[in-house]
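Trainee:
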Amino acid sequence: GAVVSQHPSWVICKSGTSVKIECRSLDFQATTMFWYRQFPKQSLMLMATSNEGSKATYEQGVEKDKFLINHASLTLSTLTVTSAHPEDSSFYICSARSSGVPDTQYFGPGTRLTVL
Amino acid sequence: QKEVEQNSGPLSVPEGAIASLNCTYSDRGSQSFFWYRQYSGKSPELIMFIYSNGDKEDGRFTAQLNKASQYVSLLIRDSQPSDSATYLCAVNSGGGADGLTFGKGTHLIIQP
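Right under this line is the structure:
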């Protein structure tokens, strides 16, 4: 149980284009999903919290107009990197919160984005 | 500013020995504590969570929590080469609704 998928697993795009990443909880419903970013040899940094049916909450320093998040259903959240630039190249990982004691986050396999 | 501190390592342990990984956190109100394992190029995989003071054992893994000292550790008994990875300590302050705050991870190497 508690499986989270991400698509695509990797993507290469040209500077200025937009990229959409999907995150799905496969065997449970997740009212809350999280988006993280990890640069090489760095830890995971929380970008935003995605709540089903409401606007995402962004961490300080994360541009909400650049990183568009949509949580359309209890099993799907999407992150769109708009007008991507080389500095956006990173490993993007989503997690979905599974209710329990305590609530636990399960991570998707990640999406490696390379912007040329 | 919530902070989670880990020794980046690498920590080198002989196969079959006990690996001890440590983590401290700054937010005294933190409620839940997690250990994730991350292989190079992969996303984190949950190993254990703990939210009460004391020890919690699961197979070869034991998590230890001391809230007074703001300290959490992970012990790996009978270390195997497949345990070689980066171990991330993560802290949740909001009872689950908040995102996790991660340490930078400790790189563990199990020597055959």
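First to last, the sequence lines map onto chains C and Z. Everything in the first sequence is counted per my numbering, starting at 14 for the first residue and increasing by one. Everything in the second sequence is counted per my numbering, starting at 1282 for the first residue and increasing by one. C-beta atoms are modelled at their ideal positions from N, C-alpha and C, and glycine is treated no differently. Computed from a predicted model, the values in this text were never measured in an experiment.
#1: Taking 7 Å as the limit between beta carbons, can you name the residues of its chain near Z/GLY1384, skipping five residues before and five after?
#2: On a CA-only basis, which of C/LYS33, C/PRO53, C/THR44 is nearest C/ALA69? Give me that one, please.
#3: Identify the contact partners of C/SER56 in chain B, using a Cβ-Cβ distance below 8 Å as the criterion.
#4: Anything in chain C within Cβ reach of Z/ASP1342, meaning under 9 Å, just list it in chain order.
#5: Looking only at DSSP bridge pairs, what is Z/HIS1416 linked to?
#6: Determine which residues of the segment 116-127 of chain C have a Cβ less than 7 Å from any Cβ of chain Z, and write them out in chain order.
#7: Do we get a CB-CB distance below 8 Å when we pair C/PHE47 with the residues of chain Z?
#8: Would you list the residues sitting across from C/MET46 in a DSSP beta bridge?
#9: What three-state label does DSSP hand Z/ASP1339 in the structure shown?
#10: Quick one: what does DSSP say Z/GLU1326 is sitting in, helix, strand or coil?
#11: So, for C/ILE106: in the same chain, excluding its five sequence neighbours on each side, which residues have a beta-carbon less than 7 Å away from its beta-carbon?
Mentor: So, from the listed chains and residues:
#1: VAL1285, GLU1286, GLN1287, CYS1304, LEU1369, CYS1370
#2: C/THR44
#3: The structure shown contains no chain B; the protein chains it does contain are C and Z.
#4: In the sequence on display, residue 1342 of chain Z carries Phe and not Asp. Under the 9 Å cutoff, chain C gives no residues; its nearest Cβ is about 15 Å from Z/PHE1342.
#5: The displayed coordinates of chain Z run from 1282 to 1393. Any statement about residue 1416 of chain Z would go beyond what the structure contains.
#6: ASP116, THR117, GLN118, TYR119, PHE120, GLY121, PRO122, GLY123
#7: yes
#8: C/SER63, C/ALA109
#9: Three-state DSSP puts Z/ASP1339 in a strand.
#10: When secondary structure is reduced to three states using DSSP, Z/GLU1326 falls in the strand class.
#11: TYR49, GLN51, LEU57, PHE120, GLY121, GLY123
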